[in-house]
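**Student:** Mapping the sequence shown onto the working numbering, position 165 (from 1) lands on 321, and the numbers just tick up by one.
We put the beta carbon where it would ideally sit given N, CA and C, even for glycine.
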Amino acid sequence: MNTRKRLGILTSGGDCPGLNAVIRAVLAHAIETHGWEVVGIPYSSKGLMERQSIPLDIQTLKFKGIDTMLNTGGTILKSINKGYSGGDDDEIIAGYRDLGLDALIAIGGDGSLAILRSIANKGGWNLVGVPKTIDNDVPLTERSVGFDTAINTVSDALEKLNFTASSHDRVMVVEVMGRTAGHLALHAGVAGGADAILIPEIPSSIEKVCEKINRVREILDRHHAIVVVAEGAQTPAGESRTYTDALGEVRLRGIGEYVADQICHVSGKELESRVMVLGQIQRGGWPSVFDRLLATEFGKAAVDLVAQQQYDRMVAWQCGKVTSVSLGDVIAKGTVLVNPHDSLVQTARAIGIYVG
Ligand code: F6P
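#1: Please confirm whether any heavy atom of ligand 1 lies closer than 6 Å to the CB of GLY285.
#2: Candidates SER444, VAL459, THR320 and PRO198: which alpha carbon is nearest SER235's?
#3: Fully enclosed by the region 449 to 506, which alpha helix (DSSP H) runs are 4 residues long or longer?
#4: Would you grab the beta carbon distance between ILE351 and ILE509 for me? Rounded to a whole angstrom, and I think it's under 8 Å.
#5: If we ignore side chains and look at the alpha-carbon of each, how far apart do SER360 and ASP246 end up?
#6: Helix, strand or coil: which one does DSSP assign to SER429?
#7: May I have a chain-ordered list of the beta strand (DSSP E) segments no shorter than 3 residues that lie completely inside the region 355 to 394?
#8: Taking only three categories from DSSP, how would you classify ARG273?
#9: Taking only heavy atoms of ligand 1 into account, decide whether any of them is closer than 6 Å to the Cβ of ILE263.
#10: For PHE446, which of VAL494, VAL310, GLN418 and PHE303 has the nearest alpha-carbon?
#11: Taking all protein chains shown into account, do 16 or more other C-beta atoms lie within 10 angstroms of the C-beta of SER268, making it buried, or fewer, making it exposed?
#12: Look at ASN237 and GLY285 and say whether their C-beta atoms are less than 7 Å apart.
#13: Taking the CB atoms as reference points, tell me whether THR297 and ALA472 lie closer together than 7 Å.
#14: Which term fits SER499, buried or exposed, when burial requires 16 or more other beta carbons within 10 angstroms of its beta carbon?
#15: Considering Cα atoms alone, identify which of ASN282, LEU408 and ASP417 is closest to VAL329.
#16: Start and end of the beta strand (DSSP E) containing LEU166?
#17: If we call anything under 7 Å between Cβ atoms a contact, is LEU166 one with ALA186?
#18: May I have the straight-line CA-CA distance separating ALA184 from ALA276, to the nearest angstrom?
#19: Among the candidates VAL494, VAL481, ASP485 and PRO443, whose CA atom is the shortest distance from the CA of ASN227?
#20: Taking the CB atoms as reference points, tell me whether PRO356 and GLY388 lie closer together than 7 Å.
#21: In its own chain, which residues sit with a C-beta less than 6 Å from the C-beta of GLU193, not counting the 5 before and 5 after it?
#22: Judging by CA-CA distance, which residue of ALA488, THR309 and LEU493 is the nearest neighbour of LEU434?
#23: Got a sec, what are the start and stop residues for the alpha helix (DSSP H) ARG207 sits in?
#24: Can you find the residues in the same chain that come closer than 7 Å, C-beta to C-beta, to ASP258, ignoring five residues on each side of it along the sequence?
#25: Considering only the alpha carbon of each residue, which of GLY279, VAL422 and ARG407 lies closest to GLU367?
#26: For ARG397, which residues from the same chain have a beta carbon less than 6 Å from its beta carbon, with the 5 sequence-adjacent residues on both sides left out?
#27: Run through DSSP, which three-state label would THR400 get?
#28: If ALA181 and GLY455 are in contact, beta carbons under 8 Å, what's the gap, nearest whole angstrom?
#29: Helix, strand or coil, according to DSSP, for ALA262 in the structure here?
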């Protein structure tokens with residue numbers, strides 16, 4: 157028997173393209189198939205704490221009759237990249253109850269899903285997770301929403317930078333996101349024709365980067381090069397490059413600058429470099445076709461889990477199919493890092509890319 161439910165949905169953590177496509181699929185399936193009521197919780201746990209909800213129906217999400225949810229980047233529900241946890245847990249728990257939710261679908265990365273799951277367990281909520289992140293580091297799913305679009309965005313940037321690098325015989329050092337996991341740098345670097353890829357998981361040497369660039373000059377008579385470096389990659393001394401922003405938050409940035417300076421230094425000023433920090437553009441734009449498909453499959457599967465009362469689970473992509481896994485298992489595994497023995501690392505090296 158199918159009882160009418162009041163379903164909440166929220167987006168949490170750093171945004172990425174494809175979030176709206178998940179919301180759209182959840183809405184369509186929950187309303188059209190099940191006749192449930194769906195409310196959006198703005199700003200994730202902050203919205204719960206403040207008892208905020210936005211009634212969602214298929215029509216209100218159309219702009220002049222046009223369904224824009226499938227291909228619009230960002231999130232109509234807004235997000236926060238900082239957990240409201242600790243002392244606020246009781247208020248967040250009470251928010252779920254006061255809003256009269258029967259279940260909650262949370263679209264988040266491993267960090268936000270871990271925070272929400274621990275609150276859900278305390279409060280006895282019915283929680284289903286949907287993985288999203290351009291870092292693609294959520295365990296037990298081969299793909300998270302947003303990753304495919306981000307690797308397209310980064311590899312597109314690398315190709316564009318190739319032309320200007322070539323005109324001036326320069327080395328372009330491109331700093332991309334990836335605090336602890338280098339999946340984005342690795343995938344986009346291979347797809348975008350990088351000469352060297354530096355990631356947090358694999359120690360690297362500037363001497364070897366310079367050797368690679370010099371080999372390209374000698375063998376291919378190509379006088380420009382592209383080096384991709386993940387923001388969380390470390391210096392040979394094992395240090396991360398950070399800065400403190402105006403709010404006093406320590407953020408990763410500067411490893412690109414460091415690598416460019418070192419290339420100049422180690423090459424005896426033979427190699428001229430420029431640095432490009434891609435920043436939040438990597439989370440912007442329209443979702444790729446793959447991300448739209450993944451988001452749609454995930455949104456539908458998340459509603460199915462609610463319908464079957466299979467809570468404390470996360471939808472996942474494994475072997476080309478949508479499935480679901482225990483949220484507890486996801487959290488227990490922690491962040492998925494690049495395995496130095498991964499086939500993409502081996503392939504990159506086999507075709508001459510320096511990967512530490
Ligand atoms: O978690 C995703 C991520 O894109 C990280 O790779 C990056 O360090 C972080 O978000 C940046 O977040 P913010 O936009 O809050 O600075």
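**Tutor:** Well, looking at it:
#1: no
#2: Each of SER444, VAL459, THR320 and PRO198 was checked against the Cα of SER235, and the nearest Cα belongs to PRO198.
#3: 483 to 489 and 499 to 506
#4: What sits at residue 351 in the sequence shown is Asp, not Ile. With 8 Å as the limit, ASP351 and ILE509 qualify as a contact, their Cβ atoms being about 6 Å apart.
#5: Taking the straight line joining both Cα atoms gives about 46 Å.
#6: strand
#7: 381 to 386
#8: helix
#9: no
#10: PHE303
#11: Result: buried.
#12: no
#13: In this structure, THR297 lies near ALA472, with their beta-carbon atoms less than 7 Å apart.
#14: exposed
#15: Nearest Cα to VAL329 within the set ASN282, LEU408 and ASP417: ASP417.
#16: 162 to 167
#17: no
#18: 25 Å
#19: PRO443
#20: yes
#21: ARG162
#22: THR309
#23: Segment: none, ARG207 is in no alpha helix (DSSP H) and carries neither H nor E.
#24: LYS161, ARG162, LEU163 and ASN282
#25: VAL422
#26: GLY410, ILE411 and TYR414
#27: It is a strand residue.
#28: 3 Å
#29: strand
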